[in-house]
Amino acid sequence: ILNVEQSPQSLHVQEGDSTNFTCSFPSSNFYALHWYRWETAKSPEALFVMTLNGDEKKKGRISATLNTKEGYSYLYIKGSQPEDSATYLCAFHLRANNNNDMRFGAGTRLTVKP
Amino acid sequence: GAVVSQHPSRVICKSGTSVKIECRSLDFQATTMFWYRQFPKQSLMLMATSNEGSKATYEQGVEKDKFLINHASLTLSTLTVTSAHPEDSSFYICSASTTGPGETQYFGPGTRLLVL
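If you're matching them up, the sequences are chains P and Y in order. Here the working numbering = 1-based position in the first sequence + 1. Here the working numbering = 1-based position in the second sequence + 2.
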C-alpha cells in the first residue's frame, strides 16, 4: 500500500500571510512528485512536477521543494491572496511499471480570508 | 493548452440503470487516460488506466465488468457504470497524458454521480 499523506488537512489564513504545507510519500521507488491546485468546480491544475532530490520549483508566489531521501515535499505560498483558496493535491509517481499512474494525497484545503 | 473536458458534470439515476461518462482531450492527443474515484474527504483513487486501442488495466478491487472503460480514440475515453447502485454514488474524474512515465496528467472537471 502506497501512503501519500498531506498535512494539514485544512488551513485558514489571512490575506498577506505566508503559509506552507507538507506532502509525505514513500522514499523507495520514487520517480516523480506532482503538485496540483484544485479550485471548486474546476479541473485540478498542474503546478509542479519534481524528479530530483533537492529540486526547487517556483511559479509566482508559489514554490515547492523536494526531499526524496526522507520522502517529503513542501509547498510554500508567499503573501497569500483570496484567489489562492483551493485544495492543493500532491501525487507520488511510483517507478515500478510502465504505466503513468500516480497516487494522490487527500489534499490540503486552503482558505485565504480577505 | 492541455484541456480535458468531462461530461456530464452531474448525473442522478435510478438504481439498476447504467451511466456513461465521457472524457475528452480537446487540444492534444492522449495516449493514456486515467479514471479516478473520490469519496468525501478522501484521496483520488485510481480505478483504471487505459491506452488507446487496448484493454484498460484495472486496479485491485475495481470490478471491470461493472466499470466498463473504452478508449477508442486518442481523444476520447468513456467510463460506463453498469447496473448502478447507491454505493456507486461518488465523484468520478478522468485525466489524460501524452506519453511516457512522469508525464503530467491533465484533468477533467469531474462527474458527480448520485444513484437513488
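The C-beta atom is built at its ideal place from N, Cα and C for all residues, glycine as well. For clarity, every value in this text was computed on a predicted model and none was experimentally measured.
In terms of Cβ geometry, residue 10(P) and residue 109(P) form a close pair [threshold 8 Å].
Counting of Cβ neighbours within 10 angstroms places residue 41(Y) among the exposed residues, the total staying below 16. Interface criterion not met: the Cβ of residue 13(P) is under 8 Å from no Cβ in chain Y. The beta carbon of residue 28(P) lies closer than 7 Å to those of 69, 70, 71 and 72 in the same chain, with the five residues before and after it left out. In the DSSP assignment, residue 8(Y) forms a beta bridge with 25(Y). As computed with DSSP, residue 64(P) is found in a beta bridge with 59(P) and 77(P). Judged by beta-carbon spacing, residue 89(P) lies beyond the 8 Å limit of residue 21(P), meaning their Cβ atoms are not closer than that value. Counting every other CB atom within 10 Å of its CB across the protein chains shown gives residue 86(Y) a total of 16 or more, marking it as buried. Contact between residue 14(Y) and residue 118(Y) holds: CB atoms are separated by about 7 Å, below the 8 Å threshold.
Exclusion of the five residues before and after residue 37(P) leaves 45, 46, 47, 48, 89, 90, 91 and 92 as the residues of its chain whose Cβ lies within less than 8 Å of its Cβ. Of all alpha-carbon atoms in 56(Y), 57(Y) and 115(Y), the one lying nearest the alpha-carbon of residue 92(Y) is that of 115(Y).
Closest in C-alpha terms to residue 11(Y), from the list 5(Y), 25(Y) and 17(Y), comes 25(Y).
Between the beta-carbon of residue 64(P) and that of residue 17(P) there is about 17 Å, and that puts the pair past the 8 Å contact cut. Inclusion of residue 75(Y) and residue 6(Y) in the CB contact set at 8 Å is not warranted, their separation being larger than that value. Between the alpha carbons of residue 60(P) and residue 31(Y) lies a gap of roughly 26 Å. Taking the Cβ atoms as the reference, residue 103(P) lies roughly 7 Å from residue 107(Y), within the contact range of under 8 Å. The beta carbon of residue 24(P) lies closer than 6 Å to those of 7, 74, 91 and 106 in the same chain, with the five residues before and after it left out.
Residue 67(Y) counts as exposed, since fewer than 16 other C-beta atoms from the protein chains shown sit within 10 angstroms of its C-beta. Excluding residues up to 5 positions away in sequence, 67 and 69 lie with their Cβ nearer than 8 Å to the Cβ of residue 53(P) in the same chain.
Where residue 58(Y) is concerned, there is no enclosing beta strand (DSSP E), because DSSP gives it neither an H nor an E. Around the beta carbon of residue 30(P), fewer than 16 other beta carbons sit within 10 angstroms, so the residue counts as exposed.
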